[in-house]
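Undergrad: Quick note on UniProt numbering: the sequence shown kicks off at 1 and runs consecutively. Glycine included, every Cβ here is placed at the ideal spot set by N, Cα and C. Here's a structure for you.
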Amino acid sequence: MSERLDVTGDWQRVSMRYAVVESIGTVIAWAIVGIGATVPLWFLTDGEMPLWAWIPIIAAAVLTIVGVVWSFLRTRTIGYLQRADDLLVRRGMLFRRFVAVPYGRMQIVDITQGPIERMFGLSTLKFVTAAASSAITIPGMPGSTAEELRDHLVAVSESRRAGL
1 MSERLDVTGD WQRVSMRYAV VESIGTVIAW AIVGIGATVP LWFLTDGEMP
51 LWAWIPIIAA AVLTIVGVVW SFLRTRTIGY LQRADDLLVR RGMLFRRFVA
101 VPYGRMQIVD ITQGPIERMF GLSTLKFVTA AASSAITIPG MPGSTAEELR
151 DHLVAVSESR RAGL
């Protein structure tokens, strides 16, 4: 008989400011692609820009809008749930992913911040477990929340590894 994963409880969501951080990255990336694909066409057309030469920048603008909307929708799906024996992390819109990380298997709990995350007071919490290929992240956590969760997880994982 298969046992169903209990995902009920008080899910903690990440800050919606993370969607703004992701949106800034999307805007920068598509601006580089759009401008990088359009500027060379200016030199090939001797100053007179035909209508077709604007296609790369228009496509980049449309993809930027789609990316920004997607960032806000995707951020709403990221969350975590602290249970008695493990931490459950969820994410994904189209492909839903639930990862249960047993407290006793956590080896490293790391907090990172990129420059844009730092501007918005956010952090990314990363867990490394005994399995070599498992690195679970929870992005978009307010700095104080990330530090409190890290300290709690380290304390609980130490007690679980010691067999207490």
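(1) Do you know offhand how far G9's Cα is from V62's?
(2) Start and end of the beta strand (DSSP E) containing I78?
(3) By DSSP, does P102 sit in helix, in strand, or in coil?
(4) Any idea if S159 is buried or exposed, counting beta-carbon neighbours within 10 angstroms, 16 or more meaning buried?
(5) Of the residues R74, Y80 and A37, which one's Cα is nearest the Cα of A59?
(6) Less than 8 angstroms separating the beta-carbons of I108 and V128?
(7) Counting along the chain, where does the beta strand (DSSP E) carrying M93 start and finish?
(8) CB-CB under 7 angstroms to T145, same chain, minus the five flanking residues each way: which ones, in chain order?
(9) If distances are taken between C-alpha atoms only, which option among P40, D85, I32 and M93 comes closest to G79?
(10) Among all the DSSP beta bridges, which residues are the ones paired with Q107?
(11) Nearest by alpha-carbon distance to G104: which of A29, P40, V154 and Q12 is it?
(12) Just how far apart, CA to CA, sit W54 and V39?
(13) My assumption, with CB atoms under 8 angstroms, is that L122 sits in contact with I138. Please give the rounded CB distance.
(14) By the three-class DSSP mapping on this structure, what secondary structure does S123 have?
(15) For W30, does the count of other Cβ atoms within 10 angstroms reach 16, so buried, or fall short, so exposed?
TA: Let's see:
(1) Counting from one through the sequence shown, the residue named residue 9 turns up at place 9. Counting from one through the sequence shown, the residue named residue 62 turns up at place 62. One C-alpha to the other measures close to 39 angstroms.
(2) In the sequence shown, counting from the first residue as 1, residue 78 sits at position 78. Run containing I78: none; DSSP gives neither H nor E here.
(3) For the purposes of this step, residue 102 is taken as the residue at position 102 of the sequence shown. Strand.
(4) For this step, residue 159 is matched to residue 159 along the sequence shown. Exposed.
(5) Here residue 59 is taken as the residue at index 59 of the sequence shown, counted from 1. The shortest C-alpha separation from A59 is found at A37.
(6) Counting from 1 along the sequence shown, the entry for residue 108 is found at position 108. Counting from 1 along the sequence shown, the entry for residue 128 is found at position 128. Yes, they are a contact pair.
(7) Counting from one through the sequence shown, the residue named residue 93 turns up at place 93. No beta strand (DSSP E) contains M93, which DSSP labels as neither H nor E.
(8) Within the sequence shown, the letter at position 145 stands for residue 145. None.
(9) For the purposes of this step, residue 79 is taken as the residue at position 79 of the sequence shown. Minimum Cα distance to G79 is reached at M93.
(10) Stepping through the sequence shown from its first residue, residue 107 is reached at position 107. DSSP, once it has assigned bridges, lists no residue as partnering Q107.
(11) One-based indexing of the sequence shown puts residue 104 at position 104. The option with the nearest alpha carbon to G104 is V154.
(12) Locating residue 54 in the sequence shown gives position 54, counting from the first residue. Locating residue 39 in the sequence shown gives position 39, counting from the first residue. For W54 and V39, the distance between alpha carbons rounds to 10 angstroms.
(13) Looking up residue 122 in the sequence shown gives position 122. Looking up residue 138 in the sequence shown gives position 138. That pair is no contact at about 11 angstroms.
(14) Against the sequence shown, residue 123 aligns to sequence position 123. In the structure shown, S123 sits in a strand (DSSP, three-state: E or B).
(15) Stepping through the sequence shown from its first residue, residue 30 is reached at position 30. Burial call: buried.
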